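Residue numbers are given in the working numbering: position 120 of the sequence shown equals residue 120, and the series is strictly consecutive.
Built from N, CA and C at the ideal position, the CB exists for glycine as well.
Here the structure is a predicted model, which means the values were calculated and not measured.
Shown next, in structure tokens, is the structure this report addresses.
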Amino acid sequence: MPPSLERISVQENGEDKDGLFDPADPRTWPSKWKWINILLISMQGTLSPIASTILVMGTTQLMSDFSLTNTYVAALPIGLYVLGLGIGPLFVAPCSEVYGRRVAYVVSFCLFTVLNVGCALSPNVGALIVLRLLSGMAGSAGPSLGGSSVGDMFRPEERGKAQAVYSLGPTFGPVLGGVIGGFIVHGTGGWRWLLWVMAIASGVTSVAAILVQRETYQPFLLRQKQRCEGAVAQPRAHIELLKVLRVALTRPVRLLFTSPICTFMSLYLSLIYGILYLHLITIPLLYGPTSIPPLFSYRWTGGTTGLAFLGAGIGSLFGTAVCARFLNRSYARAARHHAVKSGQHDTTAPIRMPEFRLPFLQAGMLIVPAGLIIFGWSAEEQTHWVVPLVGACVLGMGMLMGYVAIHAYLVDAFEQYAASALAAAVITRCVLTCVLTVVGSELYRRLGYAW
1 MPPSLERISV QENGEDKDGL FDPADPRTWP SKWKWINILL ISMQGTLSPI ASTILVMGTT
61 QLMSDFSLTN TYVAALPIGL YVLGLGIGPL FVAPCSEVYG RRVAYVVSFC LFTVLNVGCA
121 LSPNVGALIV LRLLSGMAGS AGPSLGGSSV GDMFRPEERG KAQAVYSLGP TFGPVLGGVI
181 GGFIVHGTGG WRWLLWVMAI ASGVTSVAAI LVQRETYQPF LLRQKQRCEG AVAQPRAHIE
241 LLKVLRVALT RPVRLLFTSP ICTFMSLYLS LIYGILYLHL ITIPLLYGPT SIPPLFSYRW
301 TGGTTGLAFL GAGIGSLFGT AVCARFLNRS YARAARHHAV KSGQHDTTAP IRMPEFRLPF
361 LQAGMLIVPA GLIIFGWSAE EQTHWVVPLV GACVLGMGML MGYVAIHAYL VDAFEQYAAS
421 ALAAAVITRC VLTCVLTVVG SELYRRLGYA W
């Protein structure tokens, strides 16, 4: 059960206003409870991206079932799902700052489960497209709120490992979706089972969240305590709530357009996430059983085609290991260096700044283009099949490092409103990804793998 509201109080550096240690503060929880929450959030942050690509491997069967000939229409259930992942945070993130993180996670993922069932039962392509858009919106809590939940539970110098573990989901999830989808389609021969598997997995995760997940947003916990003590005037509570909701619902958009930090970080995150999905679109084209002129194919058959998605996935795992081991150390080293340079006498308690995350981002920015060059030109030159996968591995590692660094930076910079800042980043990345998902196949046919 969530911590008792009787024990909530304003916290500073793990102590309440009376100077007494308060275990109800999420940042002072035992590591076990922090990591149970992180694992649940990571599951939600992984399943939603899995659902974005799991349908890719069933596109041929879907087109056959619904008698589709237009590839753009066939791509809409995938593209609009990703768009839903971008629209959802406009509502989910502000609501988490008003009603708490736990309610946002539980309600959205329960809806996600129900909508996946609806997708699996879709009688026509129109219903499938609409339900996929709605399921993307419902499943957006995990990918958009996870970074802020990490900030709720960990101090800046402790966030690196948790942020790396959580960030593996939104980058490894799309890769895993292709792998799982390949084997499910090969084993069942139908695209509907892809969505039934998603419904079952999300249902189990929803039950676990209801039973175990704790509230982590301290401003909400403080408001709950004040209500319990009668500190909030009840007759006008609904009026105040409407005002708070109006401000909260517009905050992600305002941050996106008025905060240069949020704007530029969101744009770069959109770029690398869009590149990830463009890369994933090439897998069925490059490793699929049939070639689509003028593109070359290695002609892998059966479920093995999906294994090619693991190139970027293994790179993401490497990136996670690097971030988990070195991100906190890099942050602490930059903080100490800044303390010495600025003449601060006590270097054991240096000033904390979001900019101390940037060295990892800079490293990722150099690794991503290297991976793209290896993948694209080796595929174009029809080298051994392992060479493009090596490029994909390098690409996945660089993207994971950039993704983790940007999320950690935004959480450090916006603290209390980190959910809204991350929502702004999710909006931009999902809109771009939606467009690239729909036009990606045609783009490769016209330009080739290299360009």
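- Closest in alpha carbon position to V98, among T46, S144, R246, is R246.
- The Cβ-Cβ distance between L80 and L133 falls below 8 Å.
- C-alpha of V125 to C-alpha of S266: approximately 32 Å in a straight line.
- Positions of the alpha helix (DSSP H) runs, each at least 4 residues long and wholly inside the stretch 155-207, are given as 159-188 in order along the chain.
- Of the residues Y298, Q213, G190, the one whose Cα lies closest to the Cα of M43 is Q213.
- Look at G311 here: in three-state DSSP terms it is helix.
- The shortest C-alpha to C-alpha distance from P77 to any of L443, S441, C434 is the one to C434.
- The beta-carbon distance between L131 and C119, rounded to whole angstroms, is 5 Å. This is short enough to meet the 8 Å contact definition.
- Its chain contains I374 as the residues whose beta carbon lies nearer than 7 Å to that of V390, once the 5 sequence neighbours on both sides are disregarded; these appear in chain order.
- At a cut-off of 4 residues, the continuous stretches assigned as alpha helix (DSSP H) that sit fully inside the stretch 268-324 are 304-307.
- One thing to note: D412 has its Cβ within 8 Å of the Cβ of R357.
- About 5 Å separates the Cβ atoms of M397 and F318, confirming a contact at the 8 Å cut-off.
- Under the DSSP assignment, A413 falls in the alpha helix (DSSP H) whose first and last residues are 386-414.
- Between V175 and L85, the CB-CB gap reaches or exceeds 8 Å.
- In this model, S297 and F220 are separated by some 54 Å (Cα to Cα).
- Contact between the stretch 252-265 and the stretch 420-434 is present, with at least three C-beta pairs closer than 8 Å.
- Per DSSP, M353 lies in no alpha helix (DSSP H) and is assigned neither H nor E.
- Per DSSP, L68 lies in no alpha helix (DSSP H) segment and is marked neither H nor E.
- Where G147 is concerned, the enclosing alpha helix (DSSP H) starts and stops at 141-153.
- 8 Å or more divides the Cβ of Y166 from the Cβ of G364.
- When DSSP states are grouped into helix, strand and coil, Q382 belongs to the coil group.
- Contact between T305 and A75 does not hold, since their C-beta atoms are separated by about 18 Å, which reaches or exceeds 8 Å.
- Within the model, the alpha-carbon separation for A335 versus S144 is close to 28 Å.
- Across the structure, G288 and T216 are spaced so that their CA atoms are roughly 45 Å apart.
- For a cut-off of 8 Å, the C-beta gap from P359 to Y409 is around 11 Å, too long to register as a contact.
- Rounded to whole angstroms, the separation of the alpha carbons of G190 and E157 is 48 Å.
- Secondary structure at I427: helix, using DSSP grouped into helix, strand and coil.
- DSSP, read as helix, strand or coil, puts Y105 in helix.
- A contact is defined here as three or more CB-CB pairs under 8 Å, and the stretch 50-64 meets this definition with respect to the stretch 187-206.
- G448 sits in coil when the DSSP states are folded into three classes, being neither helix nor strand.
- Under the three-state reduction of DSSP, W29 is assigned to coil, being neither helix nor strand.
- Per DSSP, the continuous alpha helix (DSSP H) segment holding M137 begins and ends at 125-138.
- When rounded, the separation of the alpha-carbon atoms in A419 and W33 is 21 Å.
- Given a length threshold of 4 residues, each whole run of the alpha helix (DSSP H) inside the stretch 76-101 is given here in chain order: 89-99.
- Around the C-beta of I281, 16 or more other C-beta atoms lie within 10 Å, and the residue is accordingly described as buried.
- It is roughly 44 Å from the alpha-carbon of V117 to the alpha-carbon of S330.
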